[in-house]
Structure formats: structure tokens, C-alpha cells
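2 protein chains.
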Amino acid sequence: MSNRSQRGDGEVPAPAIPAERVTIGLVAKVAGVSRATVSRVMNGNPRVAEDLAMRVRSAAEELGYDPSPVARSLALGRTGIIAMLVPDLGNPMFQGILHGLTDAAGEQDYRLLVADSNENLHEEPVLAVEARRRCDGLVLCAPRMTDEQLYELAPRLAPCVLINRELPGTTVPSLTIDFAAGIRDLVTHLLSLGHRRLAYLAGPGTSVSNRNRVEALHKAAKNTFELLELPCGATFADGHAVADHLTDHDVTAVIAYNDLVAFGALSRLHELGINVPTQMSIVGFDDIPFVRYTTPPLTTASVPMDRLGPEAWRRLWSLMSGETPEKNVHFRPRLEVRGSTGPAPS
Amino acid sequence: MSNRSQRGDGEVPAPAIPAERVTIGLVAKVAGVSRATVSRVMNGNPRVAEDLAMRVRSAAEELGYDPSPVARSLALGRTGIIAMLVPDLGNPMFQGILHGLTDAAGEQDYRLLVADSNENLHEEPVLAVEARRRCDGLVLCAPRMTDEQLYELAPRLAPCVLINRELPGTTVPSLTIDFAAGIRDLVTHLLSLGHRRLAYLAGPGTSVSNRNRVEALHKAAKNTFELLELPCGATFADGHAVADHLTDHDVTAVIAYNDLVAFGALSRLHELGINVPTQMSIVGFDDIPFVRYTTPPLTTASVPMDRLGPEAWRRLWSLMSGETPEKNVHFRPRLEVRGSTGPAPS
DNA sequence: AGACCATGAGTAACCGCTCTCAGCGAGGCG
DNA sequence: CGCCTCGCTGAGAGCGGTTACTCATGGTCT
Numbered sequence: 000m001s002n003r004s005q006r007g008d009g010e011v012p013a014p015a016i017p018a019e020r021v022t023i024g025l026v027a028k029v030a031g032v033s034r035a036t037v038s039r040v041m042n043g044n045p046r047v048a049e050d051l052a053m054r055v056r057s058a059a060e061e062l063g064y065d066p067s068p069v070a071r072s073l074a075l076g077r078t079g080i081i082a083m084l085v086p087d088l089g090n091p092m093f094q095g096i097l098h099g100l101t102d103a104a105g106e107q108d109y110r111l112l113v114a115d116s117n118e119n120l121h122e123e124p125v126l127a128v129e130a131r132r133r134c135d136g137l138v139l140c141a142p143r144m145t146d147e148q149l150y151e152l153a154p155r156l157a158p159c160v161l162i163n164r165e166l167p168g169t170t171v172p173s174l175t176i177d178f179a180a181g182i183r184d185l186v187t188h189l190l191s192l193g194h195r196r197l198a199y200l201a202g203p204g205t206s207v208s209n210r211n212r213v214e215a216l217h218k219a220a221k222n223t224f225e226l227l228e229l230p231c232g233a234t235f236a237d238g239h240a241v242a243d244h245l246t247d248h249d250v251t252a253v254i255a256y257n258d259l260v261a262f263g264a265l266s267r268l269h270e271l272g273i274n275v276p277t278q279m280s281i282v283g284f285d286d287i288p289f290v291r292y293t294t295p296p297l298t299t300a301s302v303p304m305d306r307l308g309p310e311a312w313r314r315l316w317s318l319m320s321g322e323t324p325e326k327n328v329h330f331r332p333r334l335e336v337r338g339s340t341g342p343a344p345s
Numbered sequence: 000m001s002n003r004s005q006r007g008d009g010e011v012p013a014p015a016i017p018a019e020r021v022t023i024g025l026v027a028k029v030a031g032v033s034r035a036t037v038s039r040v041m042n043g044n045p046r047v048a049e050d051l052a053m054r055v056r057s058a059a060e061e062l063g064y065d066p067s068p069v070a071r072s073l074a075l076g077r078t079g080i081i082a083m084l085v086p087d088l089g090n091p092m093f094q095g096i097l098h099g100l101t102d103a104a105g106e107q108d109y110r111l112l113v114a115d116s117n118e119n120l121h122e123e124p125v126l127a128v129e130a131r132r133r134c135d136g137l138v139l140c141a142p143r144m145t146d147e148q149l150y151e152l153a154p155r156l157a158p159c160v161l162i163n164r165e166l167p168g169t170t171v172p173s174l175t176i177d178f179a180a181g182i183r184d185l186v187t188h189l190l191s192l193g194h195r196r197l198a199y200l201a202g203p204g205t206s207v208s209n210r211n212r213v214e215a216l217h218k219a220a221k222n223t224f225e226l227l228e229l230p231c232g233a234t235f236a237d238g239h240a241v242a243d244h245l246t247d248h249d250v251t252a253v254i255a256y257n258d259l260v261a262f263g264a265l266s267r268l269h270e271l272g273i274n275v276p277t278q279m280s281i282v283g284f285d286d287i288p289f290v291r292y293t294t295p296p297l298t299t300a301s302v303p304m305d306r307l308g309p310e311a312w313r314r315l316w317s318l319m320s321g322e323t324p325e326k327n328v329h330f331r332p333r334l335e336v337r338g339s340t341g342p343a344p345s
């Protein structure tokens with residue numbers, strides 16, 4: 000069918016197992032049409048005669064053809080993929096966001112890929128840029144990066160939506176949690192129960208969310224209660240380890256950086272024979288799924304995790320479509336009083 | 000320099016803020032060299048005169064040039080990325096593997112991207128193919144797919160390493176856990192404590208790992224103990240929910256599908272006022288990080304999670320280099336006796 | 001001094017796909 | 001019956017890189 004025929008033309012039917020790599024060109028050759036036509040058929044362009052379309056489809060089928068996403072991406076200038084960078088996949092908080100994002104993006108046939116920076120300050124910027132450049136948009140959760148780094152990076156990351164931090168003066172949409180309000184609620188709750196000596200189990204020192212909480216705490220502490228700040232971390236193990244020091248200072252209530260830490264501390268306190276909440280109250284932050292099942296169930300500031308993913312997607316989608324995204328949301332956590340808090344021991 | 004020059008050639012110096020998209024061509028124009036040279040410089044090819052290299056570098060710097068990974072991937076035929084598909088990011092078990100894989104691959108400058116199939120049977124095959132086609136290799140953890148599907152898919156996924164299942168008759172490397180041995184150890188342990196009526200909290204029905212465990216249990220049960228099988232699931236919440244039914248049947252020990260389920264059940268039993276281990280023993284599977292901290296700490300079959308990632312990478316790397324990978328590993332879990340198991344109540 | 005070679009840069013093909021544009025045949029209309 | 005329009009297809013120019021190959025240049029060897 001082409002100008003050169005190297006073999007007798009009895010050999011027309013394609014080999015079941017293709018020797019050469021099966022590209023659009025091969026399919027075109029086998030189907031006896033141009034590459035353009037194959038492309039049209041593969042993309043469901045309706046203005047192709049049915050008989051041609053059939054030929055193409057069966058050739059593609061027979062050869063096991065599957066268009067190269069990389070080549071497609073290059074030609075189209077879009078990949079159909081978005082990425083999310085998270086600092087710690089182990090935190091159920093992020094898993095909640097990821098789920099919501101996957102689903103929301105999936106509705107518009109975008110796939111979500113996840114990159115984990117492992118709470119590694121150094122990796123955050125490079126991973127963010129790399130991830131971004133391979134796809135059409137980025138949801139960024141980079142609590143360790145400095146503001147300066149982020150400002151500098153921002154143009155190269157667009158379209159990009161930020162989680163848990165803002166970039167004032169730019170148009171980068173962000174979704175944030177009102178940590179201060181959450182902390183205030185928790186503190187108010189504890190004060191109303193008579194607690195006056197509180198410990199704060201601090202998150203990663205360089206993290207923005209930790210700084211937010213610390214600030215709110217200091218502001219609240221003014222003249223109302225004693226605040227002990229213990230360096231801790233963000234994981235269950237961190238909370239578990241730090242709990243031993245809790246007894247050195249006679250605090251009656253503990254505010255943990257997040258639920259994971261609270262959970263860890265709770266379990267250690269249990270091991271130490273310290274009853275929660277009669278001897279000590281403890282609160283977390285986030286309301287990750289299973290803290291409602293701990294013993295006792297954890298009092299916490301509940302973040303509407305399931306809303307973050309979809310909201311992030313809508314903004315990213317707007318950006319990618321060239322529209323201006325809805326305005327930022329500052330989610331107000333809801334105080335969730337459970338069994339881990341009680342009256343201060345006298 | 001080209002055949003057409005639309006403007007006077009006095010306009011050589013580049014604008015600080017580029018109007019057109021900054022591609023290798025722009026950099027070349029600005030630096031006054033060919034695209035090939037820019038490419039050489041960007042890739043650290045040493046056979047470029049230093050003065051030219053300098054010009055290129057400063058032009059690139061000034062324009063904020065960053066080579067398109069998509070175009071590079073197409074030209075090179077490789078992406079520098081591997082992907083892993085997991086059924087449930089929420090399971091710490093997978094997080095462990097992911098960490099190991101990220102690190103191992105990172106040493107060879109490969110990035111890891113994660114796709115989450117959300118335990119969705121339907122999504123597994125399509126996600127696997129899609130993920131694979133956008134990168135150079137795949138680590139696949141797809142417990143729900145049927146063997147038939149997997150056999151059919153395998154050629155399109157190569158190079159690919161399987162986790163937790165095998166494909167006999169093919170050359171696809173796999174890393175598996177010896178569930179049967181783990182189950183045997185747990186059963187033996189429970190029997191030695193006098194338990195004769197056991198409940199199994201089953202994982203997702205369609206999952207391979209669940210089937211493995213069920214088989215091993217049935218084999219072990221022959222004439223030695225009574226086995227009650229309760230449909231459950233794979234998450235903390237599943238375990239928590241099913242625990243209520245545990246009291247209906249008078250079992251004395253519970254084998255959970257995994258640690259998460261065991262943990263959920265444990266916490267529910269606690270709420271119900273059933274003491275573990277004096278009234279009921281319970282065991283998990285996996286040894287995820289925090290079950291050593293539950294109250295009581297969980298007896299479980301410990302899987303060497305941290306070894307899976309690196310081993311998977313080595314095999315994937317071999318495949319990608321055209322070598323034949325090392326042989327499959329069948330990891331033997333180690334029985335980890337902790338506080339959640341005790342003598343059967345009389 | 002002339003042949004030879006190493007070195008460095010540019011030309012152009014290619015990776016696999018998309019899409020504009022022009023050409024072609026058929027059918028409708030004047 | 002000729003012209004215009006319309007629908008369909010193919011040719012070819014990108015998308016943004018890489019790289020084999022070619023060609024000029026300058027230095028070395030005999």
C-alpha cells in the first residue's frame with residue numbers, strides 16, 4: 000500500500016507480536032491510513048468515515064496500541080495530571096485531603112499523583128518544582144519552606160494552590176485552617192474546666208502550622224494560665240516519647256500539636272498509670288478518623304478535612320482554565336469535646 | 000541568523016521578563032548559540048568551550064530557563080520517574096514501603112510518584128497502566144485484581160515489580176509475605192495459650208492477601224480449634240465496628256486481618272469493658288509502627304516493612320537496566336508477642 | 001609545509017503525537 | 001452542466017528537547 004513493498008504483498012496482515020515499537024505510525028501503516036486519521040480515531044473525533052475508523056480500531060486493537068502519554072502531553076501542552084506534595088504521607092490528615100482531591104479531580108478526568116517530601120526541608124522546593132513541571136497543576140503543602148523561598152518559587156509553580164499557608168500580595172489561592180481559633184476554643188474549654196497549668200507539645204520547629212499555634216497560645220496565655228512548651232514532633236512516636244516528661248512539671252492539661260501526637264501521649268500516659276482525664280486532660284488537633292475511638296476518645300479541634308480536597312481542586316481548575324479562582328477559605332475548626340478532657344484535679 | 004529577520008538586528012539583548020515562553024530555542028537565541036549547544040551545557044557535557052558555556056548559563060539564568068521534563072522524556076525515551084500503586088495510602092504498611100522505595104530510588108536520582116487506587120477494584124488496572132506509561136517502571140500493589148487481569152496486564156506494565164502477589168510462569172519479580180507462616184505462628188501461639196475458639200476478622204473479600212490468610216487458617220484449624228470467620232475489612236473503623244459481634248459467639252481469641260483492624264477491635268473491646276487479654280486475646284498482622292504502643296501492646300506477625308522498598312527498587316532497577324533481577328523474596332514474618340495475648344479464660 | 005587529527009559547534013533528524021490547512025471528490029443548486 | 005460547498009483525508013509543521021553527523025578550526029607530526 001505504500002510506495003515501497005519489501006515483501007510480496009501476501010504478507011499484509013500484521014504480526015500478532017509486533018517487532019517494532021507500536022506507535023501511531025505503525026498503526027497508520029497497518030490500517031492503511033495517515034497518522035492524522037489514527038489520531039482522530041483514537042481521540043473520538045466523529046468526522047471520520049465509519050469504515051476507516053473500523054480499520055483503525057482493529058489495527059490498534061491487534062497491535063495493542065496505546066498512545067504515548069508523554070508524546071501526547073508534549074503535543075497538547077497538557078498532561079491531564081495534577082500533583083500534590085505532602086510533608087508526611089503518614090498523617091491521616093493529608094490522606095483525607097488526598098482522597099478528596101483524587102475524587103474531585105477524577106470527575107474531570109484528571110489524575111492525581113502524590114509526592115512525599117518526608118518532612119525534609121531540603122527536598123521541599125526541588126520536589127515541588129519537579130512535580131509541578133511534569134503536570135498541569137500543583138497542590139502544595141509545604142510547611143517547612145520559608146516564606147522567602149515560597150515567594151521566589153511561586154511563579155514557577157503556578158498554577159498552584161497552597162494548603163495551610165498563605166502568600167499575601169500574590170494571587171496564589173490558599174486554603175488555611177484557623178489554627179488560632181482552634182487553639183482558642185481548646186484553651187477556653189480547658190480553662191472552663193479549671194485548668195491553669197497547661198503544656199504544649201510542640202510540632203516541628205520550622206513548621207508554619209506550629210508557629211501559628213504557638214503564637215495563638217502565647218496570646219491566650221497572657222495572665223490567664225501557665226504555659227509549658229515541650230519540643231515534641233508530629234508523629235505518634237514523638238507524642239509517646241515526650242509524655243514521660245509531662246510528669247516532671249505539674250501540668251494538669253496537655254495540648255498536643257496534632258491528634259497523632261496526642262494519641263501517642265495518651266497511650267504513654269496510660270502505660271504510666273496516669274488516668275486521663277481525671278489526673279490529666281489532653282487535647283489534640285485535626286480530628287483524624289480514629290481519635291474518636293481512642294480510650295478515652297480524644298477532645299480535639301475538628302478540621303473539615305473532607306472539604307479541603309474538593310475546594311483545592313476547584314481553585315486549581317479555575318487557575319488552569321484561566322479564570323480567577325474563588326477567594327481563599329480560612330476553615331474554622333469545630334471544638335469536639337470528648338472523653339479526654341475533664342475537670343482539673345484539685 | 001535565520002533566513003527571515005523581521006526586525007533590525009540591534010534587538011539582540013534579551014528582555015528581563017520574557018514575553019514568549021522560555022524554551023531551549025529562546026536561550027539559544029539570547030546566548031547566540033545553537034540549541035544543541037544549550038542542550039550540551041544544560042546536561043553538563045564538558046566538551047563546550049568555557050566562554051560559550053558561560054554565555055549559555057547566564058542566558059538561562061536570566062531567562063529562568065528550566066528544560067521541559069516532558070520534552071526531555073520524549074527525546075530520551077526515559078522519564079527518571081517510577082511509580083507505585085497502592086490500594087490504600089491510609090495503611091502505614093504501605094507508607095513504610097513507600098519510604099524505603101523513595102529513598103532507594105532517590106539514590107539513583109529517580110523520583111517516586113504514588114497513585115492510590117482507594118481499594119477500588121475497578122480503578123486498579125486502569126490506574127496501573129496509566130501510571131506505568133508515564134514513567135519508567137512500576138511497583139504494583141494491586142491486591143484486588145484477578146490473576147487473569149494481572150496476567151493480561153503484565154506485559155504492558157513491564158518493567159514492573161509486584162508486591163504481595165506472584166505471577167507464576169512469568170518473569171515478573173515479586174516480593175511477597177509468607178502470610179501462611181505468619182498465621183501459623185500466631186495460631187500456634189494462641190493454641191499454646193489454651194485458646195480453642197478463634198475468630199478471624201476477614202479483610203476485603205476480593206483481596207489476595209485475605210485469601211492467603213483464610214487458607215492458612217483453614218488448614219491450621221483442622222481438628223485443632225474452632226474457627227469463626229467474620230467479614231470485616233482493612234481499616235481501623237472496620238475493626239471497631241465488627242468488635243460488637245465478637246461477644247455474640249464465645250470465642251476467646253481474635254485474629255485480625257491486619258494491625259489496623261486489630262487496633263480498631265481492641266479499642267472497641269475496651270469501650271465494651273472487655274479486658275484484653277484476660278477475657279479475650281487479640282492479634283494483628285504487619286507490625287505497623289504504633290501497635291507497640293496500644294494498650295495493651297499488640298501481639299502481631301511482624302513484617303520487615305523497611306526491607307520491601309529497597310528490595311523492590313533493586314529489582315526494578317535491574318529490569319530497567321536490562322539485567323535479570325535477583326530472585327523473588329518471600330519474607331517470613333516474625334512473631335512479636337506483646338501484651339494483647341494471654342491464657343485463655345477457663 | 002602539508003597531511004592528519006582532535007576539538008568544538010552547528011545542522012538536521014528524530015522522539016510520538018496533535019492539528020492546521022489544503023486538496024479532493026461528491027452532492028446541491030442555479 | 002458548471003460552480004460552490006461541504007465533508008473527509010493526508011501532508012506537514014510543530015511541541016521542546018537530544019544527538020549523530022558534518023564541518024571548520026587550529027595544533028601536531030614528519
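If you read the sequences in order, they're chains A and B.
Using numbering that gives the first Met the number 0, the letters of the first sequence correspond one by one to residues 0 to 345.
Using numbering that gives the first Met the number 0, the letters of the second sequence correspond one by one to residues 0 to 345.
All residues carry an ideal CB built from backbone N, CA and C; glycine is no exception.
Keep in mind the model is a prediction, meaning the values are calculated, not measured.
What does residue i touch in chain A if you count any residue whose Cβ is under 9 Å from its own?
i, result
"Asn117(B)", "His98, Thr101 and Asp102"
"Arg235(B)", "Strictly speaking, residue 235(B) in this sequence is Phe, with Arg absent from that position. Pro288, Phe289 and Tyr292, listed in chain order."
Please work out which residues of its chain come closer than 7 Å, Cβ to Cβ, to residue i, disregarding the five sequence neighbours upstream and downstream, and give them in chain order.
i, result
"Ser345(B)", "none"
"Phe178(B)", "Ser208, Asn211, Arg212 and Ala215"
"Pro91(B)", "Ile287 and Pro288"
"Val47(A)", "Thr36, Arg39 and Val40"
Give the residues of chain A in contact with residue i, contact being defined as C-beta atoms less than 7 Å apart.
i, result
"Gly24(B)", "Near Gly24(B) there are no residues of chain A at all, since even the closest Cβ is about 15 Å away, more than 7 Å."
"Thr36(B)", "Correct list: empty, because the minimum Cβ distance to chain A is about 22 Å."
"Ser301(B)", "None at all; the shortest Cβ gap to chain A is about 16 Å."
Whose C-beta lies closer than 8 Å to the C-beta of residue i among residues of the same chain, with five residues either side of it excluded?
i, result
"Ala264(A)", "Leu200, Gly238, His239, Val241, Ala242, Leu245, Val253, Ala255 and Ile281"
Quick one, which of the options has its alpha-carbon nearest residue i's?
i, options, result
"Ala114(B)", "Glu322(B), Val336(B) and Ala82(B)", "Ala82(B)"
"Asp247(A)", "Ser208(A), Phe284(A) and Leu197(A)", "Leu197(A)"
"Asn222(A)", "Leu190(A), Gly63(A) and Gly204(A)", "Leu190(A)"
"Val336(B)", "Ser173(B), Gln148(B), Leu192(B) and Val171(B)", "Leu192(B)"
"Leu139(A)", "Tyr109(A), Ala103(A) and Leu97(A)", "Leu97(A)"
"Ala70(B)", "Arg77(A), Tyr64(A) and Asp65(A)", "Arg77(A)"
"Phe330(B)", "Val85(B), Val26(B), Glu165(B) and Asp249(B)", "Glu165(B)"
"Thr340(B)", "Ala236(B), Val186(B), Ala233(B) and Asp249(B)", "Val186(B)"
"Asp184(B)", "Tyr64(B), Lys28(B) and Ser301(B)", "Ser301(B)"
"Thr294(A)", "Glu106(A), Asp305(A) and Ile273(A)", "Ile273(A)"
"Met304(B)", "Leu75(B), Gly99(B) and Glu151(B)", "Gly99(B)"
"Pro203(B)", "Asp108(B), Asn327(B), Gly321(B) and Glu118(B)", "Glu118(B)"
"Asn327(B)", "Glu49(B), Thr169(B) and Ala127(B)", "Thr169(B)"
"Val260(B)", "Gly181(B), Glu322(B) and Phe284(B)", "Phe284(B)"
"Glu361(B)", "Pro124(B), Ile176(B) and Val250(B)", "With chain B covering only 0 through 345, there is no way to say anything about residue 361(B)."
Run through chain B and tell me which residues come within less than 8 Å of residue i, C-beta to C-beta.
i, result
"Gln94(A)", "Leu88 and Gly89"
"Val359(A)", "Because chain A spans 0 through 345 in this model, residue 359(A) falls outside it and cannot be assessed."
Give me, in chain order, the residues of the same chain whose beta-carbon lies closer than 6 Å to that of residue i; leave out the 5 immediate sequence neighbours on both sides.
i, result
"Ile162(A)", "Cys140 and Leu174"
"Arg110(B)", "Ile80"
"Gly338(B)", "Pro295 and Pro296"
"Thr298(A)", "Val282, Val336, Arg337, Ser339 and Thr340"
State the DSSP-derived secondary structure class of residue i, mapped to helix, strand or coil.
i, result
"Met83(A)", "strand"
"Ala343(B)", "coil"
"His329(B)", "strand"
"Leu315(A)", "helix"
"Ser191(B)", "helix"
"Arg110(A)", "strand"
"Pro230(A)", "strand"
"Ile287(A)", "coil"
"Asp115(B)", "strand"
"Thr36(B)", "helix"
"Arg77(B)", "coil"
Name the chain B residues that come within less than 9 Å of residue i, Cβ to Cβ?
i, result
"Gly263(A)", "Phe289 and Tyr292"
Between the stretch 213 to 224 of chain B and the stretch 308 to 318 of chain B, can you find at least three pairs of beta-carbon atoms closer than 8 Å?
no
Any contact of the stretch 70 to 81 of chain B with the stretch 118 to 137 of chain B, i.e. 3+ C-beta pairs under 8 Å?
yes
Using 8 Å as the cut-off, can you tell me whether the stretch 138 to 158 of chain A makes contact with the stretch 264 to 279 of chain A, which would need three or more C-beta pairs spanning the two stretches below that distance?
no
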